[in-house]
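Novice:
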Amino acid sequence: MRSFRTEIENPVVAKDIIELEQKIREFKEGKVDEEKFRSLRLARGVYGQRQPGVQMIRIKLPYGKVLSNQLHRISDVSDKYSRGRLHITTRQDIQIHYVDLDRTPELWAELEKDEVTLREACGNTVRNVTASETAGIDVDEPFDVSPYADATFKFFLRNPICQEMGRKFKISFSGTDDDTALSYMHDLGFIAKIKNGERGFKVMLAGGLGSQPRHADLLYDFLATDKIIPLIEGVLRVFDRYGERRSRGKARMKFLLKDIGVDAFRELVNAEQKALSAHSVKFDVENYPISQPADVETPVVQIENPAAFEAWKQTNVIAQKQKGYVAIGIKVLLGDFYTDQARKLADLVKDYAAGELRLSLRQNILIPFVKQDLIPYFYNQLKEMGLSDPGYNRLVDITACPGTDTCNLGIASSTGIARELESIIKNEYPQYLDNPDVIIKISGCMNACGQHNLAHIGFQGMTVRTKDKRIAPALQVLLGGGTIGDGVGAFAAKVLKVPSKRGPQALRLILDDYEANGKGRPFLTYYNEQGEDYFYQFLKELTDVTNLTDEDFIDWGTSEKYIKAIGLGECAGVVIDLISTLLYECDEKIENAMLAIENKQVSNAIYHAYSSMINAAKALLIADDVKTNTQAGIVKQFDELFVDTGKITFDKPFAEVVYQLQNKVPSQEFASNYLNDATVVLQKVKTFRNKDIAENSTL
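Residues in the sequence shown are numbered consecutively from 365, following the working numbering.
1) Can you tell me whether asparagine 728 is buried or exposed? The criterion is at least 16 other CB atoms within 10 Å of its CB, across all chains shown.
2) From Arg834, Arg866, Gln815, pick the residue whose C-alpha is nearest to that of glycine 845; which is it?
3) Extract the residue ranges of the alpha helix (DSSP H) inside the segment 996-1034, only unbroken runs of 4 or more that lie entirely within it.
4) Taking the alpha helix (DSSP H) that isoleucine 775 falls in, what are its first and last residues?
5) Which residues bound the beta strand (DSSP E) around alanine 639?
6) Have a look at arginine 1053 and alanine 981 and give me their C-alpha separation to the nearest angstrom.
7) Name the residue from Tyr948, Lys429, Pro594 whose alpha carbon lies nearest to the alpha carbon of leucine 725.
8) Any chance you could list the beta strand (DSSP E) runs of at least 3 consecutive residues sitting entirely within the segment 415-454, in chain order?
9) With a cut-off of 8 Å on the beta carbons, I'd call lysine 858 and leucine 842 a contact; round off their distance for me.
10) Just to confirm, are valine 828 and alanine 838 a CB contact at a threshold of 8 Å?
11) Using a Cβ-Cβ cut-off of 8 Å, state whether aspartate 753 counts as contacting chain C.
12) Roughly how many whole angstroms lie between the Cα atoms of glycine 997 and tyrosine 606?
13) On the criterion of 16 or more Cβ atoms from any shown chain inside 10 Å, does glutamine 666 qualify as buried, or is it exposed?
14) Between tyrosine 716 and lysine 614, what straight-line distance do the alpha-carbon atoms span, to the nearest angstrom?
15) For phenylalanine 899, which residues from the same chain have a beta carbon less than 6 Å from its beta carbon, with the 5 sequence-adjacent residues on both sides left out?
16) Taking DSSP as the reference, what is the three-state secondary structure of glutamine 840?
17) Could you spell out where the beta strand (DSSP E) holding threonine 907 opens and where it closes?
18) Could you tell me if asparagine 492 is buried or exposed, where buried requires 16 or more neighbouring beta carbons within 10 angstroms of its beta carbon?
19) Name the two residues that bound the continuous alpha helix (DSSP H) containing glutamine 894.
20) Can you check whether the CB of leucine 1039 is closer than 8 Å to the CB of alanine 639?
21) DSSP three-state call for lysine 708: helix, strand or coil?
22) With the cut-off set at 8 Å, would you say lysine 424 and glycine 412 are in Cβ contact?
23) I'd like the span of the beta strand (DSSP E) that includes leucine 730, first residue to last.
24) Quick check: the Cα distance between aspartate 1041 and phenylalanine 1014, rounded to an integer number of angstroms?
25) In the DSSP output, what is valine 410 paired with across the bridge?
26) Could you have a look at lysine 1050 and say whether DSSP puts it in helix, strand or coil?
27) In whole angstroms, give me the CA-to-CA distance for proline 657 and isoleucine 739.
28) In terms of alpha-carbon separation, which member of Ala1035, Gln1047, Thr1043, Lys1048 lies closest to serine 641?
29) Count the other CB atoms within 10 Å of the CB of leucine 959; is the residue buried (16 or more) or exposed (fewer)?
30) Is it right to say threonine 847 is buried, meaning 16 or more other beta carbons lie within 10 angstroms of its own, or is it exposed?
31) Please report how far the alpha carbon of asparagine 374 lies from the alpha carbon of cysteine 486, in whole angstroms.
32) Could you pull the start and end residues of the beta strand (DSSP E) that serine 482 belongs to?
33) Closest to glycine 553 by C-alpha separation, out of Met826, Tyr974, Tyr512, Arg405, would be which residue?
34) Counting pairs of Cβ atoms below 8 Å between the segment 803-810 and the segment 758-769, do you hit three or more?
35) So, helix, strand or coil for serine 538, using DSSP?
36) Quick test of the definition: if touching needs 3 or more C-beta pairs under 8 Å, does the segment 550-565 touch the segment 499-511?
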């Protein structure tokens, strides 16, 4: 692997990239454990994919905002390091696939030249902060949530309180009561409100999807904007300390809330108040960069097919609150578009809009600040790019994760069936082209990256087994999910499972019945009034696996016989239990704390020191074959097994040493003292560990 040095001016970013390069080299030389290395690269957006020897790179784009120069940069990187395809995710990120691990530091350095990051796009971190794609232009919004989403992203990026949590953590900002950012399925969801002339948010806590979806609890009806960052910090501190660590499947915030309840959780957050870096954080809304629309003359254009243009305009043009401007939605099939399209799009918005794009949670693109008289010109330009399909955010606009195309966890194809269903809707149900009331979402497995739990009609990749033990790809059919609004949503019910090749027929039966019996009602109303069993009865004929043909054993999008192959999932992060690695990390955290004190970042220094003490205690517990779970449990177990027994002595119980950070206001003096305590803890742990090794080696 060739030597790599970045030319990035920001020293913090440069250090990150150089560290990634060094760790890759050490990993390949056998000096870094595989699990530790996986954790490090995931927190830097480098994710293993189904195909061996290559990586998926996730590019973190806060609230989906992409500037023209950034899209050019991403396109250049994709062409140079990948295959020229860009994939929009349901968290407003962009992913590129088939990247050589050795080249990821170079790739990251290239992106950072236009302030695009990979940091914390994966792993046990605060993931991309999402928001309504219409933020700043929505005719119904009380205010623009973009500055708040942006500030949240920046505050917690590289923040030590959220680098090694038990699992990932997701935050969203909805601009209106329509809740288009889906607050009810996030760890923390914010909905813009104004109360007595003051800006604030309704706050939803501990929602989630996956195999056990959970509706978020209401934490606050109204929280003033200056309290948002302190609240998030307090919640993250509690989640870090009390969240599950041993069982990855139960390590999300939703399980902690299920166990202790929202009132007990609120008490734990309140107990962290003294430790917070700030109790009020003002947002510099006035200096938030506002997009400036281009002042251009309107080109003269000819519309070749007026009917097609009108159909597109009906579904893809959105009114803005700014007079004289509209936003144009681009329906992106399966979220996939290509660098030649991306560059032309970047130039188009730079020259004729405001130089900005928004990626949506439904894997689409929105162009804000288009002059109304430029609509025909944009249509023609998008048509030349192959991006003028009508049906933006309509039934024909299906959301799907990559599934078995590239994901280790994929069970059945999601992209292949999505293409087939879109074709059926276009050709057999054209009346739904302009229907925004029915939403279809598809995931290749139970982890719900395609958000199938939230769909009116959802499909989840599974398998079915015949009596002669043949395995065929299958789809769980889910019905009745959707966003109701203002923090309220419904999770779809699992109706039944059908072989994948019968997915189209399942859709036909559902839509035909809706046509016949829906009586003009919204789909959710129709579903709720009919009831789950009603749908089971007219779909159950599709579940029969006694009459499968050879075609049923070939999944959508492939010609090969289906083989169930599930790899190790990385999206949830990893648990690292090697003693030497933990103690090595303690040294790093002590060094980070010292550097933070020098830079007067006292809260960061305190948390680095805290993390060092937790890791040191965990190392000895693991050495004694003691199972560890939460950080709070580690502290308690360490006192019981090492301090109370006199194996290691402190002036006070270990818990009192560690939990000083809860009872002291962050200051330079306390940070220095606390760091000294952490250093002493680490020294005593190392001394005990070395003595223990020496004694055991002579036995």
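Glycine residues also receive a C-beta, built at the ideal position from the N, C-alpha and C atoms.
Specialist: The structure says:
1) buried
2) Gln815
3) 1018-1022, 1024-1027
4) No alpha helix (DSSP H) holds isoleucine 775; DSSP gives it neither H nor E.
5) Segment: none, alanine 639 is in no beta strand (DSSP E) and carries neither H nor E.
6) 11 Å
7) Lys429
8) 419-423, 429-431, 449-452
9) 6 Å
10) yes
11) Absence of chain C from the displayed structure is noted, only one protein chain being present.
12) 8 Å
13) Burial call: exposed.
14) 49 Å
15) Leu843, Val859
16) Note: glutamine 840 maps to strand in three-state DSSP.
17) Unbroken run through threonine 907: none, as it is neither H nor E.
18) buried
19) Counted as a single uninterrupted DSSP element, the alpha helix (DSSP H) harbouring glutamine 894 occupies residues 887-894.
20) no
21) helix
22) no
23) 729-735
24) Here the alpha carbon of aspartate 1041 sits roughly 10 Å from the alpha carbon of phenylalanine 1014.
25) Answer by DSSP bridge pairing, in chain order: Ile421.
26) helix
27) Straight-line Cα distance between these residues: approximately 14 Å.
28) Ala1035
29) exposed
30) buried
31) Just so you know, the alpha carbons of asparagine 374 and cysteine 486 end up roughly 22 Å apart.
32) At residue 482 the sequence reads leucine, which differs from the serine that was named. Per DSSP, leucine 482 belongs to no beta strand (DSSP E) and is neither H nor E.
33) Looking from the CA of glycine 553, the closest CA among Met826, Tyr974, Tyr512, Arg405 belongs to Tyr512.
34) yes
35) DSSP places serine 538 in the strand class (E or B) of the three-state scheme.
36) Judged by Cβ distances under 8 Å, the segment 550-565 makes contact with the segment 499-511, as three or more pairs qualify.
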